[in-house]
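**Student:** Numbered according to the numbering used here, the sequence shown spans residues 3 to 446.
Questions regarding the structure given below will be posed in turn.
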Amino acid sequence: MAEEVRGPDTTALDEVVTFTSELIRIDTTNRGGGDCRERPAAEYVAERLADAGIEPTLLERTPGRTNVVARIPGTDPSAEALLVHGHLDVVPADPAEWSVHPFSGEVHDGVVWGRGAVDMKNMDAMVLAVVRSWVRHGIRPRRDIVLAYTADEEASAEDGSDFLADRHAALFEGCTEGISESGAFSFHPQPGTTLYPIAAGERGTAWLKLTARGRAGHGSKVNTANAVTHLAAAVARIGAHTWPVRLTTTVRAALTELAALYGVDVDTSAPDLDVDVLLDKLGPAAALVESTVRNSANPTMLEAGYKVNVIPGQAVAYVDGRMLTGGEEEFAATMDLLTGPDVEWEFHHREVPLEAPVDSPTFAKLRAAVERFDPAGHVLPFTMSGGTDAKQFSRLGITGYGFSPLRLPPDLDYGALFHGVDERVPVDALHFGVRVLDHYLKSA
Numbered sequence: 003m004a005e006e007v008r009g010p011d012t013t014a015l016d017e018v019v020t021f022t023s024e025l026i027r028i029d030t031t032n033r034g035g036g037d038c039r040e041r042p043a044a045e046y047v048a049e050r051l052a053d054a055g056i057e058p059t060l061l062e063r064t065p066g067r068t069n070v071v072a073r074i075p076g077t078d079p080s081a082e083a084l085l086v087h088g089h090l091d092v093v094p095a096d097p098a099e100w101s102v103h104p105f106s107g108e109v110h111d112g113v114v115w116g117r118g119a120v121d122m123k124n125m126d127a128m129v130l131a132v133v134r135s136w137v138r139h140g141i142r143p144r145r146d147i148v149l150a151y152t153a154d155e156e157a158s159a160e161d162g163s164d165f166l167a168d169r170h171a172a173l174f175e176g177c178t179e180g181i182s183e184s185g186a187f188s189f190h191p192q193p194g195t196t197l198y199p200i201a202a203g204e205r206g207t208a209w210l211k212l213t214a215r216g217r218a219g220h221g222s223k224v225n226t227a228n229a230v231t232h233l234a235a236a237v238a239r240i241g242a243h244t245w246p247v248r249l250t251t252t253v254r255a256a257l258t259e260l261a262a263l264y265g266v267d268v269d270t271s272a273p274d275l276d277v278d279v280l281l282d283k284l285g286p287a288a289a290l291v292e293s294t295v296r297n298s299a300n301p302t303m304l305e306a307g308y309k310v311n312v313i314p315g316q317a318v319a320y321v322d323g324r325m326l327t328g329g330e331e332e333f334a335a336t337m338d339l340l341t342g343p344d345v346e347w348e349f350h351h352r353e354v355p356l357e358a359p360v361d362s363p364t365f366a367k368l369r370a371a372v373e374r375f376d377p378a379g380h381v382l383p384f385t386m387s388g389g390t391d392a393k394q395f396s397r398l399g400i401t402g403y404g405f406s407p408l409r410l411p412p413d414l415d416y417g418a419l420f421h422g423v424d425e426r427v428p429v430d431a432l433h434f435g436v437r438v439l440d441h442y443l444k445s446a
């Protein structure tokens with residue numbers, strides 16, 4: 003059929019650049035605690051869907067925190083539906099630190115600059131450009147495609163995917179799989195080698211609040227019940243702790259493929275496998291897996307006191323914890339041990355770890371779509387160290403993969419651009435992504 007071989011038109015390639023730039027210009031900074039307003043970006047997306055004849059639904063839990071959902075009917079009513087989702091909010095950016103203004107959406111020298119260029123207004127724009135191209139050419143996918151542009155992913159997701167999954171599950175009826183951010187980007191561990199990791203797992207979120215309570219008093223007096231001291235000791239223990247290795251199915255698969263690629267003779271299922279030695283042998287490629295072979299807990303925030311000569315009665319810390327599949331009980335028991343008797347801890351925000359099959363027909367099609375446009379690239383599965391809206395959508399029985407394809411130059415560090423300074427994406431990378439997404443979504 004003609005629609006199986008037709009690729010995206012030149013209009014789609016132009017539109018993805020325009021949409022990425024214009025979405026970046028809409029400041030959707032999410033500072034947490036409800037301090038964000040995604041509605042202008044949601045209206046931008048909805049208008050362009052409606053202009054193409056795709057009916058959008060705008061949904062809010064909180065005024066201004068807007069989500070967009072739309073369904074594109076497939077040609078096979080019996081086929082399971084596919085969810086394609088991306089978030090509209092971004093993390094804060096300080097203009098004083100950037101080479102260009104982070105919300106300029108500036109396009110020069112073949113690069114689009116600004117907060118959200120890779121996380122993840124680029125993917126939002128790519129999907130928008132692809133589906134509009136389909137409408138222009140009368141193309142329909144085999145299975146229903148449900149589009150979701152969400153709010154609040156960069157915080158708790160309470161106003162975004164959490165709200166949609168809990169209150170509007172009917173909009174996702176029939177969806178069994180989904181794709182979203184943080185996968186199929188090019189990674190160059192050494193000259194001449196290009197890897198494309200596709201996410202088939204996510205560590206669970208375990209954001210913690212630690213509270214130490216003691217005896218308030220004068221800073222000049224002896225005080226053996228100093229809340230700051232107790233808290234500092236617990237934070238130091240957490241920061242210094244080395245977690246034991248815990249290999250999930252996805253991480254083991256990634257290690258197996260990397261070892262074969264680098265000619266390392268190792269059985270990754272062996273009970274005596276020394277993972278750290280193997281990571282050393284993988285060199286820079288180890289960066290894809292080194293953060294996901296263990297649980298982790300990194301102290302990130304401290305709150306205590308109000309005056310230098312006053313010992314406060316309470317001190318609080320926050321810890322960014324991440325848990326691998328099967329590692330939840332170990333995580334909780336370890337935190338009990340590390341915090342000790344003088345510090346209480348609780349989950350400030352918690353979400354489950356995820357695993358998706360790497361031997362599925364879906365993963366094979368994702369792999370084939372990338373290899374079609376970069377035959378020399380090596381596609382492999384990996385687990386995200388962090389998480390995405392796939393966690394919330396998993397409550398609806400939707401298996402999620404990270405697949406937002408970009409072919410980047412070797413000197414552009416994709417990982418450093420996430421939440422980093424001078425976030426940017428090459429125009430060529432956007433065009434690659436549009437072609438890969440177009441091909442996969444029509445073959446899915």
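Ideal placement from N, C-alpha and C gives every residue a C-beta, glycine not left out.
Would you give the residue range spanned by the beta strand (DSSP E) that residue 426 belongs to?
**Tutor:** That run of the beta strand (DSSP E) goes 426-428.
**Student:** Let me know if residue 128 comes out buried or exposed under the rule of 16 or more other beta-carbons within 10 Å of its beta-carbon.
**Tutor:** Classification for residue 128: buried.
**Student:** Go through the stretch 345-378 residue by residue and report every complete run of the beta strand (DSSP E) that reaches 3 residues or more, in order.
**Tutor:** Runs of the beta strand (DSSP E) inside the stretch 345-378: 345-353.
**Student:** For residue 176, which residues of its own chain have a beta-carbon under 7 Å away from its beta-carbon, when the five flanking residues on both sides are left out?
**Tutor:** These residues qualify, in order along the chain: 82, 83, 146.
**Student:** What is the rounded straight-line gap between the Cα of residue 55 and the Cα of residue 138?
**Tutor:** Approximately 10 Å, taken between the alpha carbons.
**Student:** When the Cα atoms are used, what is the spatial distance from residue 23 to residue 426?
**Tutor:** When rounded, the distance between both Cα atoms is 10 Å.
**Student:** Residue 401: buried (16+ other C-beta within 10 angstroms of its C-beta) or exposed?
**Tutor:** Classification for residue 401: buried.
**Student:** Is the stretch 74-94 close to the stretch 35-49, with three or more CB pairs under 8 Å?
**Tutor:** At 8 Å Cβ cutoff, the stretches touch.
**Student:** Helix, strand or coil for residue 444 per DSSP?
**Tutor:** Note: residue 444 maps to helix in three-state DSSP.
**Student:** With H, G and I counted as helix, E and B as strand and the rest as coil, what does DSSP make of residue 232?
**Tutor:** In this structure, residue 232 counts as helix in the three-state DSSP scheme.
**Student:** Starting from residue 131, trace the alpha helix (DSSP H) in both directions and tell me its first and last residue.
**Tutor:** Start and end: 123-139.
**Student:** Grab me the residues of residue 106's own chain with a C-beta within less than 8 Å of its C-beta, minus the 5 sequence neighbours each way, in chain order.
**Tutor:** Excluding residues within five positions, the ones whose Cβ falls inside 8 Å are 26, 27, 115, 116.
**Student:** Could you tell me the alpha carbon to alpha carbon distance between residue 162 and residue 399, rounded to whole angstroms?
**Tutor:** Roughly 17 Å between the two C-alpha positions.
**Student:** Near residue 8, which residues of its chain fall below 8 Å by C-beta distance, leaving aside the five closest residues on each side in sequence?
**Tutor:** So the list reads 139, 141, once near-sequence residues are dropped.
**Student:** At what residue ranges does the stretch 395-423 contain a whole run of the beta strand (DSSP E), taking only runs of 3 or more?
**Tutor:** Whole beta strand (DSSP E) segments, 3+ residues: 401-404.
**Student:** Measuring straight from C-alpha to C-alpha, what distance separates residue 423 and residue 119?
**Tutor:** Approximately 11 Å, taken between the alpha carbons.
**Student:** If we ignore side chains and look at the alpha-carbon of each, how far apart do residue 261 and residue 252 end up?
**Tutor:** So the two alpha carbons sit approximately 14 Å from each other.
**Student:** Which same chain residues end up closer than 6 Å to residue 228 when comparing Cβ atoms and leaving out the 5 residues on each side of it in sequence?
**Tutor:** Hits under 6 Å: 216, 313.
**Student:** Mind checking whether residue 408 and residue 435 have CB atoms under 7 Å apart?
**Tutor:** Yes, the pair counts as a contact, with Cβ atoms nearer than the cut-off.
**Student:** Would you kindly work out how many angstroms separate the C-alpha atoms of residue 370 and residue 428, rounded to a whole number?
**Tutor:** For residue 370 and residue 428, the distance between alpha carbons rounds to 23 Å.
**Student:** List the residues that DSSP assigns as beta-bridge partners of residue 324.
**Tutor:** Bridge partners of residue 324: 207, 298.
**Student:** So, does the stretch 244-258 touch the stretch 284-298, judging by three or more C-beta pairs under 8 Å?
**Tutor:** The stretch 244-258, when compared against the stretch 284-298, does touch it at the 8 Å Cβ threshold.
**Student:** Roughly how many angstroms lie between the CA atoms of residue 271 and residue 290, to the nearest whole one?
**Tutor:** Residue 271 and residue 290: Cα-Cα distance of roughly 19 Å.
**Student:** Less than 8 Å between the CB atoms is what I'm expecting for residue 2 and residue 438, so what's the real figure, rounded?
**Tutor:** This structure does not reach residue 2, given that the chain is present from 3 up to 446, and the question cannot be answered.
**Student:** Given this structure, state the Cα-to-Cα distance separating residue 321 from residue 194, to the nearest angstrom.
**Tutor:** Cα to Cα, the separation comes out at about 39 Å.
**Student:** Identify whether residue 243 lies in helix, strand or coil by the three-state DSSP scheme.
**Tutor:** Looking at residue 243 - three-state DSSP - the assignment turns out to be coil, as it is neither helix nor strand.
**Student:** Of the choices 130, 353, 241, whose alpha-carbon is the least far from that of residue 205?
**Tutor:** When each option's Cα is compared against that of residue 205, the closest is 353.
**Student:** Please classify residue 331: does DSSP put it in a helix, a strand, or coil?
**Tutor:** Three-state DSSP puts residue 331 in a helix.
**Student:** Quick one: what's got a C-beta closer than 6 Å to residue 6's C-beta in the same chain, skipping five residues either side?
**Tutor:** The pLDDT assigned to residue 6 is 45, lower than 50, so where the model puts this residue is not dependable, and the model offers no usable value.
**Student:** In or out: residue 3 buried (at least 16 other Cβ within 10 Å) or exposed?
**Tutor:** Because residue 3 carries a pLDDT of 31, less than 50, the predicted location of this residue cannot be relied on, and no value is offered for it.
**Student:** In whole angstroms, give me the CA-to-CA distance for residue 395 and residue 214.
**Tutor:** Cα to Cα, the separation comes out at about 35 Å.
**Student:** Looking only at DSSP bridge pairs, what is residue 59 linked to?
**Tutor:** Paired residues: 71.
**Student:** Taking three-plus beta-carbon pairs below 8 Å as touching, is the stretch 292-305 in contact with the stretch 317-335?
**Tutor:** Taking 8 Å as the limit for Cβ pairs, the verdict is that the stretch 317-335 does touch the stretch 292-305.
**Student:** Taking 7 Å as the threshold (C-beta atoms), are residue 47 and residue 151 in contact?
**Tutor:** Yes, the pair counts as a contact, with Cβ atoms nearer than the cut-off.
**Student:** Assuming residue 382 and residue 199 are in contact, meaning their beta carbons sit under 8 Å apart, how far apart are those beta carbons, in whole angstroms?
**Tutor:** Indeed, because the Cβ distance is near 6 Å, the residues count as touching under 8 Å.
**Student:** Within 6 Å: the Cβ of residue 30 and any heavy atom of the ligand FAD?
**Tutor:** Judged by which ligands are present, the structure shown has none, so any question about the ligand FAD falls away.
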